[in-house]
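Read the structure below first, then the notes.
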Amino acid sequence: MTLEGGEGAGKSTLARVLAQRLAKQGVKVELTREPGGSPRAEAIRETILSGAVKPHGPFVEALMFSAARIDHIDRLIRPALARGDWVICDRFIDSTRAYQGVLGNIDKGLLAELERVTIDGLVPDLTFILDLPPEIGLARAARRRAPGEVSDRFESEALAFHRTLRQAYLAIAADEPGRCVILDAAQPPEALADDAWGALRQRLPMTESA
Ligand code: T5A
Numbered sequence: 001m002t003l004e005g006g007e008g009a010g011k012s013t014l015a016r017v018l019a020q021r022l023a024k025q026g027v028k029v030e031l032t033r034e035p036g037g038s039p040r041a042e043a044i045r046e047t048i049l050s051g052a053v054k055p056h057g058p059f060v061e062a063l064m065f066s067a068a069r070i071d072h073i074d075r076l077i078r079p080a081l082a083r084g085d086w087v088i089c090d091r092f093i094d095s096t097r098a099y100q101g102v103l104g105n106i107d108k109g110l111l112a113e114l115e116r117v118t119i120d121g122l123v124p125d126l127t128f129i130l131d132l133p134p135e136i137g138l139a140r141a142a143r144r145r146a147p148g149e150v151s152d153r154f155e156s157e158a159l160a161f162h163r164t165l166r167q168a169y170l171a172i173a174a175d176e177p178g179r180c181v182i183l184d185a186a187q188p189p190e191a192l193a194d195d196a197w198g199a200l201r202q203r204l205p206m207t208e209s210a
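Counting along the sequence shown from 1, when you hit position 77 you're at 77 in my numbering, and nothing is skipped either side.
So this is what it looks like as structure tokens:
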């Protein structure tokens, strides 16, 4: 299961609540994030979010996100799934499709090919798209920053970037309604979690004990 959306949409908050609720049902959950999730991928995350890769352009950024993803899948996601655990991943392929593909204007076919070799068939069973006006998300992200901490590589993009990003996510959800569920992320955390939980229970069957 993956959570996607713009900056400060509440993905990490929701991921934690869902993991807790699943654990209460007896489901073993691996909660992870991208970019990152494994030591090598976390190192790549630091480089990308510092802005050091930006001068090389969106395709090189897509390659870096993909390199991180390959390690994350190999080291953490596939082993967890093989154990029978559920994986909740805060951002995954749709972030690359939206940020690098749509915003970075990378050729669709090229990006699809890169995605194919990166994930090797590992498509999420369910993806929550947290939708909200970017002004709200960016304000939340800014409030959360420690004093003196600067915005990262993508948070610092102009508002038009974040508006296009929102549309890109909605288009992904429209293209793949079987996988994606759009959630109103402007509502309070508890109401958002209840919506997500309802959709999860409907779409992903749990065993009797779960
Ligand atoms: N990226 C990533 C790409 O470009 N391509 C890729 O392939 C991948 C994988 C990652 C960046 O990398 C880009 C996208 C990103 O720009 P990140 O730091 O992981 O950077 O950034 P985000 O994923 O955007 O994470 P954030 O931490 O900014 O936002 P979240 O997780 O959506 O939000 P969260 O839960 O931390 O909440 C933010 C604040 O809002 C409050 C929280 O308490 C917190 O203070 N909040 C709410 N307030 C009101 N109502 C709610 N419902 C709330 N939910 C949370």
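Heads up, the beta-carbon is just placed ideally off N, CA and C, and yes, glycines get one too.
All of these numbers come straight from a predicted model, not from anything done at the bench.
Whole angstroms is fine: what's the gap from residue i's alpha carbon to residue j's?
i      : j      : result
Ser209 : Glu190 : Summary for Ser209: the model assigns pLDDT 46, below 50, so the residue's position carries little reliability, and this model does not support an answer.
Lys24  : Asp194 : 15 Å
Gly137 : Gly10  : 8 Å
Leu63  : Asp125 : 24 Å
Val123 : Arg179 : 9 Å
Arg201 : Val17  : 14 Å
Lys213 : Gly101 : In this structure the chain extends from 1 to 210, so residue 213 is not present and cannot be described.
Asn105 : Trp197 : 34 Å
Leu114 : Pro188 : 37 Å
Val150 : Gly8   : 15 Å
Pro205 : Ile129 : 20 Å
Leu49  : Pro79  : 27 Å
For residue i, tell me which candidate among the options has the shortest Cα-Cα distance.
i      : options                           : result
Ser38  : Ile77, Val181, Pro58 and Pro147   : Ile77
Arg166 : Asn105, Ala196, Pro134 and Arg145 : Pro134
Trp86  : Val53, Arg201, Asp131 and Glu30   : Glu30
Arg97  : Ala196, Met206 and Gly6           : Gly6
Val27  : Ala19, Glu34 and Arg33            : Ala19
Asp51  : Arg153, Ala146 and Glu61          : Position check: residue 51 holds Gly in this sequence, whereas Asp was assumed. Nearest C-alpha to Gly51: Arg153.
Ala139 : Leu130, Asp131, Glu155 and Pro79  : Glu155
Arg75  : Ala41, His56 and Asp94            : Ala41
Phe59  : Asp94, Glu4 and Leu110            : Leu110
Leu183 : Ile172, Leu132, Arg33 and Ile44   : Leu132
Arg116 : Leu130, Glu34 and Asp94           : Asp94
Asp120 : Ala160, Ala174, Ile73 and Phe161  : Ile73
For residue i, I'd like the list of residues in its chain whose CB is within less than 7 Å of its CB, leaving aside the five on either flank, ordered along the chain.
i      : result
Thr118 : Ser66, Arg69 and Ile70
Ala141 : Glu7, Gly8 and Glu155
Tell me whether residue i, by its Cβ, gets closer than 7 Å to a heavy atom of the ligand PLP.
i      : result
Pro124 : Among the ligands present in this structure, namely the ligand T5A, the ligand PLP is not found.
Give every residue of the same chain whose Cβ lies closer than 6 Å to the Cβ of residue i, excluding the five residues on either side of it in the sequence, and list them in chain order.
i      : result
Thr2   : Cys89, Phe92, Pro124 and Thr127
Arg144 : none
Ala168 : Ala98 and Val102
Gly36  : Glu42 and Arg45
Ordered along the chain, which non-local residues of its own chain (more than five positions away) have a Cβ less than 8 Å from that of residue i?
i     : result
Thr47 : Val53 and Met64
Check: Which residue spans inside the segment 66-136 form an unbroken beta strand (DSSP E) run of at least 3?
Finding: Along the length of the segment 66-136, whole beta strand (DSSP E) runs at least 3 residues long occupy 86-90 and 127-131, reported in chain order.
Check: What runs of the alpha helix (DSSP H), each 4 residues or longer, lie entirely inside the segment 18-60?
Finding: Taking only runs of at least 4 residues, the alpha helix (DSSP H) segments lying wholly in the segment 18-60 are 39-49.
Notebook entry, point to check: Can you give, in chain order, each stretch of the alpha helix (DSSP H) that sits fully within the segment 129-197 and has at least 4 residues?
Noted result: DSSP runs (the alpha helix (DSSP H)) wholly in the segment 129-197: 134-144 and 159-175.
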